[in-house]
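Right, one structure below, let's go through it.
6 protein chains.
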Amino acid sequence: MAAGRPSILVINPNSNQAVTDGMAKALQPLLLSSGPEIICRTLEEGPFGIESQCDIESVTLPLRDLVRDDNLTAAFVIACYSDPGLQVCREVTDKPVFGIQECGVLTALTRGDRVGVIAIKDASIRRHMRALRQMGVIDRLAGERAVNLTVAESAQGEGTFARLCAVGRDLKDLDGADVIVLGCAGMAAHRIALERALGIPVIDPVQAAVTMAIGAVLVG
Amino acid sequence: MAAGRPSILVINPNSNQAVTDGMAKALQPLLLSSGPEIICRTLEEGPFGIESQCDIESVTLPLRDLVRDDNLTAAFVIACYSDPGLQVCREVTDKPVFGIQECGVLTALTRGDRVGVIAIKDASIRRHMRALRQMGVIDRLAGERAVNLTVAESAQGEGTFARLCAVGRDLKDLDGADVIVLGCAGMAAHRIALERALGIPVIDPVQAAVTMAIGAVLVG
Amino acid sequence: MAAGRPSILVINPNSNQAVTDGMAKALQPLLLSSGPEIICRTLEEGPFGIESQCDIESVTLPLRDLVRDDNLTAAFVIACYSDPGLQVCREVTDKPVFGIQECGVLTALTRGDRVGVIAIKDASIRRHMRALRQMGVIDRLAGERAVNLTVAESAQGEGTFARLCAVGRDLKDLDGADVIVLGCAGMAAHRIALERALGIPVIDPVQAAVTMAIGAVLVG
Amino acid sequence: MAAGRPSILVINPNSNQAVTDGMAKALQPLLLSSGPEIICRTLEEGPFGIESQCDIESVTLPLRDLVRDDNLTAAFVIACYSDPGLQVCREVTDKPVFGIQECGVLTALTRGDRVGVIAIKDASIRRHMRALRQMGVIDRLAGERAVNLTVAESAQGEGTFARLCAVGRDLKDLDGADVIVLGCAGMAAHRIALERALGIPVIDPVQAAVTMAIGAVLVG
Amino acid sequence: MAAGRPSILVINPNSNQAVTDGMAKALQPLLLSSGPEIICRTLEEGPFGIESQCDIESVTLPLRDLVRDDNLTAAFVIACYSDPGLQVCREVTDKPVFGIQECGVLTALTRGDRVGVIAIKDASIRRHMRALRQMGVIDRLAGERAVNLTVAESAQGEGTFARLCAVGRDLKDLDGADVIVLGCAGMAAHRIALERALGIPVIDPVQAAVTMAIGAVLVG
Amino acid sequence: MAAGRPSILVINPNSNQAVTDGMAKALQPLLLSSGPEIICRTLEEGPFGIESQCDIESVTLPLRDLVRDDNLTAAFVIACYSDPGLQVCREVTDKPVFGIQECGVLTALTRGDRVGVIAIKDASIRRHMRALRQMGVIDRLAGERAVNLTVAESAQGEGTFARLCAVGRDLKDLDGADVIVLGCAGMAAHRIALERALGIPVIDPVQAAVTMAIGAVLVG
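Chains as they are written, first to last, in our numbering: chain A, 327 to 546; chain B, 327 to 546; chain C, 327 to 546; chain D, 327 to 546; chain E, 327 to 546; chain F, 327 to 546.
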């Protein structure tokens with residue numbers, strides 16, 4: 327880290343480096359030469375993907391350790407839509423810690439009235455709804471629907487995009503959403519195309535969280 | 327505006343240039359040479375201060391006109407805690423429009439669990455609570471309390487700061503707030519000192535809104 | 327105005343005299359020789375129809391002026407379902423000011439458990455839901471659906487009625503509404519027929535607001 | 327009942343004729359020669375006062391019978407703040423049935439932002455809060471406080487009024503209420519004086535309910 | 327009652343002894359030789375079935391009398407899903423009184439995230455939703471749907487079970503429920519089979535209430 | 327475990343055997359010779375006390391392992407008021423898993439209208455309120471207050487009891503609670519005395535959870 331230039335650590339809690347690379351790519355627009363450095367790091371101890379509560383719990387203490395032992399970073403972003411370890415990381419540092427679900431949804435509230443969320447799997451929806459109730463914003467949820475794609479399918483760009491469009495249209499037309507949140511750090515590559523296809527704002531939660539982190543770091 | 331460099335227009339809806347200058351000063355940390363240009367503008371048609379619903383309504387159409395007729399700006403911030411004209415401005419542009427109450431409160435939700443708001447006058451509290459219900463986040467409000475200072479008093483830095491501290495402590499100790507939002511664009515100069523005095527995060531809503539605007543502009 | 331006989335001013339904020347005439351007709355049952363005088367007035371400065379937030383903002387100050395400068399009226403009703411200028415009018419008079427959305431929905435809460443609203447256009451629904459959240463009654467909303475008729479179509483009595491019935495049945499059968507609010511001042515002529523067709527109460531919000539105004543005026 | 331002139335039956339569910347007489351007096355402003363007849367009736371089977379859940383349950387079936395067997399009345403008002411028998415009366419008639427708690431609170435929502443309720447006894451508050459949650463309007467409650475007067479004390483006009491003022495001031499100053507509902511049919515005589523003393527609207531729920539009944543009857 | 331062995335009185339408020347017998351059978355697993363005695367009693371004064379608000383009101387005072395006059399019972403369960411007389415029974419005894427709707431729903435909240443309720447008739451749904459709002463747990467409701475069976479049909483085990491499965495699947499698949507509450511004391515016989523068929527927990531509210539009563543009695 | 331006799335495993339997630347012993351003592355009334363066996367076990371891997379989010383996260387995986395690897399137990403109770411690991415334990419077993427905060431609060435909802443919670447430390451209150459929002463029952467919270475005792479002080483029975491009484495009285499008199507939940511597994515010894523002193527029900531959450539577990543086990 328350059329002396330005097332603060333940095334933001336964006337932690338991908340799964341150990342899939344391709345996901346981290348995708349994040350880094352999605353965050354390129356937020357890289358400013360005069361702004362905070364943005365460092366994307368893969369949590370080595372993490373599972374290859376975070377799909378279950380077990381996966382979530384398996385990363386909370388490694389995340390806590392990473393945050394606690396880091397004296398150089400000015401703000402942290404936990405870049406998994408389940409916001410694993412968010413509370414415990416906040417407990418061990420005086421620096422701000424942002425979760426991408428929290429920031430993605432809160433940012434969406436500034437861009438539309440009722441939020442639609444695209445989840446990876448049906449099984450995640452229940453967990454996300456618990457989080458929205460905990461956040462106290464459940465009245466703003468239009469609905470959450472899953473693409474239910476396997477990793478193999480989601481690797482095929484076009485198939486994934488078609489599913490995102492179909493689910494996004496259901497959220498818009500059937501549930502009344504006027505802003506969409508991508509409920510997974512790995513969907514970022516499709517954000518702009520999906521926004522054009524649906525005609526309503528689409529929020530990448532990693533971008534949303536890093537934005538808030540930049541602000542927090544800059545204003546001190 | 328430099329060709330190709332996007333700009334954010336921060337509109338102070340009152341005609342008090344000193345308030346606009348204060349904003350510009352508070353926003354200096356967010357000015358990045360490689361980031362969006364941040365332009366603070368005083369709304370000439372605005373009243374000297376916005377304290378009543380009449381004041382609010384008097385600026386909605388001027389704000390709408392300003393936003394509608396501006397093809398150069400990439401994102402707008404309406405820098406009055408009553409979020410005047412927010413909905414109408416959103417209707418006349420495809421660019422994102424941010425209100426500082428919305429952004430201040432939503433940002434606070436990432437920094438604490440229950441939000442305390444410091445208002446200028448008791449009379450504003452009712453209006454703000456309507457806004458929090460409309461936003462669907464009222465369950466996160468710890469309380470809102472007013473400093474009830476006249477302009478003359480608030481000009482005296484120390485007196486104002488002492489009042490901010492006293493009200494902030496009541497919000498923290500009596501109402502259970504663990505994050506504070508400054509409920510007025512004009513309190514920004516005291517943010518850092520107040521944060522230190524209270525020991526909990528203090529959010530300047532103009533900084534919060536400009537942060538979100540920067541993110542929206544950069545990610546396109 | 328007869329000396330000593332108080333009057334209620336019902337203001338149609340659009341400049342379409344036919345709408346004002348329709349209101350006056352719908353209010354005939356509430357005209358009592360010994361009760362308050364009910365005066366329906368067209369806001370000359372208003373747009374021909376109020377369909378957008380721009381339309382709404384364009385009438386708030388004219389409504390404010392009208393209310394502020396009127397020393398003879400005992401209570402005011404703003405007869406547009408978007409309740410334009412409601413807060414600012416309340417600020418400039420000690421007399422009660424009623425909005426028809428507020429009164430229509432609150433009255434519906436006395437006639438059924440879950441409220442269905444028939445909107446003119448899909449675009450209005452989002453605005454109305456913001457209002458219901460602001461009112462703090464969103465848990466009583468069964469749903470809101472739009473007839474999406476053009477003015478030309480709505481002029482054809484039968485076509486309009488058929489659409490009202492179809493939308494009303496969806497609100498009742500699909501959304502579980504057991505009371506309907508007409509989400510527009512112009513649908514009043516169909517109220518009784520629609521109530522018979524659906525078999526559940528149908529509330530005309532102008533009648534609801536004028537009723538509350540009559541009560542407020544009579545009890546002083 | 328004069329032929330063709332519809333009537334509203336206001337039922338005092340307790341057997342205290344003095345309370346019925348007080349209601350009738352409070353309703354005099356709503357008696358219009360050309361409007362519906364307003365008949366106040368004491369429920370003979372009722373207890374002398376309704377202070378407990380036992381008292382409430384003891385009147386539900388007598389109220390039901392009275393409503394069911396009455397073919398002449400156009401609308402019913404159950405004039406006890408606990409709204410006893412409201413649901414069962416609605417089940418046995420096609421005519422509208424209004425409860426004074428429901429109508430008092432809903433009417434208050436049109437006159438202020440946050441409602442304060444003055445109860446007779448502390449023991450009633452819990453019951454009223456259940457009703458406000460059931461109505462789905464609990465977010466609008468500023469607070470409820472009791473005068474805790476005995477019947478003997480409340481008979482002394484001045485003592486009662488002083489207690490009403492003290493409790494009303496606490497609701498306004500400590501709880502943030504900007505409109506008051508009298509949580510008992512027997513406080514009506516003090517409404518106007520209390521409104522003047524507090525400087526915010528004070529709603530008599532019997533007047534509120536009869537107003538809504540008049541509207542429902544007149545519009546058919 | 328054996329000396330020293332406390333008893334729980336489970337009151338079936340309808341006079342259909344077959345329903346009481348069904349309850350007793352469903353409660354057999356909760357009968358422990360060393361635990362409280364569980365006595366199921368038919369309310370003789372009750373109607374043959376409780377389907378309307380009239381039916382509900384007709385049993386509140388008989389239930390009250392039964393509870394008030396019983397000095398031997400340690401805890402009471404009112405075994406009708408409308409929780410008739412719950413508040414009044416609580417008023418006349420210091421012993422705990424449990425309602426099966428309350429206990430069934432609260433128990434379901436420990437077994438799933440969003441609750442689906444199977445009602446007997448469409449007409450009951452509105453009443454149940456009022457109760458869920460009053461309980462303050464409406465945000466946890468996935469949906470409520472009715473089997474709409476006649477008594478004759480429900481007597482045919484297979485036909486009833488097929489309807490329960492169909493409605494249960496709609497609650498699970500369309501409404502997102504992950505736990506089901508049987509909204510009637512008479513469906514208990516199908517609980518285990520339905521749980522197997524749906525693959526999510528199914529709660530019999532009588533068992534849930536008696537469980538809570540056992541706990542309350544044992545801990546004193 | 328006797329063949330055929332099901333067992334409930336009550337896990338104290340801290341490693342303080344004295345706390346486990348206290349639980350076992352408080353659960354003695356629920357031990358029935360013919361009912362499920364109740365086994366209290368200390369989590370060896372746990373910290374000596376669970377006071378922070380770090381403490382919570384440190385036990386989630388050990389709890390998960392314990393639950394996952396146990397094929398003999400019929401139901402699990404996690405006996406720490408922060409409900410650590412509740413979701414992950416539910417994921418790895420088909421058996422019901424109960425958290426004491428969930429069960430304590432839900433049981434309290436059957437014994438009073440508004441719940442007061444006595445916390446050990448001020449720092450826990452925020453965490454508990456997040457949980458109540460997540461549960462969707464925050465509208466039933468009267469308030470939460472902490473005794474703020476050190477372990478040394480809480481060891482002195484009388485001093486602890488006096489603090490519990492003082493805090494309980496504030497919850498009752500200032501916050502309007504009519505039922506109290508002990509917000510810590512270690513306060514159980516004072517439950518009965520506190521209930522007598524306050525005159526309102528006091529719920530020990532471990533007893534509440536084990537009660538629900540007994541019911542779940544017995545009905546299968």
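No residue lacks a Cβ here, since even glycine has one placed at the ideal position from N, Cα and C. Quantities reported herein were computed from a predicted structural model and do not represent experimental measurements.
Residues of the same chain with a CB within less than 8 Å of the CB of D/ASN338, apart from the 5 flanking positions on each side, are VAL345, THR346, MET349, CYS366, ARG367, THR368, LEU369, GLY372, ALA405, CYS406, ALA511 in chain order. If one requires a minimum length of 3 residues, the beta strand (DSSP E) runs lying completely within the region 452-521 of chain B are 467-472, 505-508, in chain order. Taken through DSSP and simplified to helix, strand or coil, F/LEU544 comes out as helix. Exposure of C/SER359 is indicated by the presence of fewer than 16 other C-beta atoms within 10 angstroms of its C-beta. One finds LEU435, THR436 in chain B with Cβ atoms closer than 9 Å to the Cβ of A/GLU428, taken in chain order.
With 16 or more other CB atoms across the displayed protein chains lying within 10 angstroms of its CB, F/LYS421 is buried.
Residues of the region 439-464 of chain C with a C-beta atom less than 9 Å from some C-beta of chain E are ASP439, ARG440, listed in chain order. When Cβ pairs closer than 8 Å are counted between the two stretches, the region 432-447 of chain F is seen not to touch the region 427-438 of chain B, the count staying below three.
The C-beta separation of D/GLY462 from C/ARG466 comes to about 5 Å, placing the pair in contact by the 8 Å criterion. The beta carbons of F/VAL414 and A/GLU383 sit closer together than 7 Å. Among the residues of chain D, those whose CB is under 8 Å from the CB of C/ALA534 are GLY541, following chain order. Within the region 378-432 of chain E, the beta strand (DSSP E) runs of at least 3 residues that lie entirely inside it are, in chain order, 401-404, 423-425. Secondary structure at C/LEU524: helix, using DSSP grouped into helix, strand and coil. Neighbours of B/PRO531 in chain A, taken as residues whose beta carbon is under 7 Å from its own, are absent, since the nearest beta carbon is some 12 Å off.
Here the alpha carbon of B/THR537 sits roughly 9 Å from the alpha carbon of A/ALA539. Residues of chain E whose Cβ lies closer than 8 Å to the Cβ of F/ILE526 do not exist; the shortest such Cβ separation is about 11 Å. Nearest Cα to A/ASN474 within the set A/LEU490, A/ASP381, A/GLU521, A/HIS454: A/LEU490. Pairing F/ALA503 with F/GLY546, the inter-Cα distance amounts to about 35 Å. Using a CB distance cut-off of 7 Å, B/VAL545 counts as an interface residue toward chain A. Rounded to the nearest whole angstrom, the CA to CA distance from A/LEU335 to C/PRO531 is 55 Å.
Following the DSSP letters along the chain, one finds F/GLY348 in no beta strand (DSSP E) but inside the alpha helix (DSSP H) bounded by residues 343-352. Selection F/LEU387, F/GLY442, F/LEU356, F/ARG394 evaluated against F/ALA472 yields F/GLY442 as nearest (Cα-Cα).
About 3 Å separates the beta carbon of E/VAL505 from that of E/GLY438, a gap short enough to meet the 8 Å contact definition. Out of F/ASP409, F/ASN342, F/ILE526, F/ARG394, the CA that lies nearest to the CA of F/ALA535 is found in F/ASP409. When the alpha-carbon of F/GLU484 is set against those of F/LYS351, F/ALA515, F/ILE526, F/ALA542, the nearest one is in F/ALA515. At a cut-off of 7 Å between C-beta atoms, F/PHE402 does not count as an interface residue with respect to chain E. Rounded to the nearest angstrom, the Cβ distance from A/PRO332 to A/VAL543 is 5 Å, consistent with a contact under 8 Å. Residues of chain C with a Cβ closer than 7 Å to the Cβ of D/PHE424 are, in chain order, THR436. With distances taken between CA atoms, B/ARG459 lies nearest to B/GLN427 out of B/ALA488, B/PRO355, B/GLN427. A distance below 7 Å between beta-carbons, with the five flanking residues on each side excluded, links B/ASN342 to the following residues of its chain, in chain order: PHE374, GLY375. Closest by C-alpha distance to E/ALA468, out of E/LEU497, E/LEU524, E/PRO527, is E/LEU497.
Between B/VAL403 and B/PHE424, the C-beta spacing is below 7 Å. The Cβ atoms of D/LEU520 and D/VAL528 lie closer than 7 Å to each other.
Sixteen is the threshold: since fewer than 16 other Cβ atoms of the shown chains lie within 10 Å of the Cβ of B/GLN354, the residue is exposed. If the five residues before and after A/ALA488 are omitted, its C-beta is found closer than 7 Å to no C-beta atom of its own chain.
At least 7 Å separates the CB of B/GLU370 from every CB of chain C.
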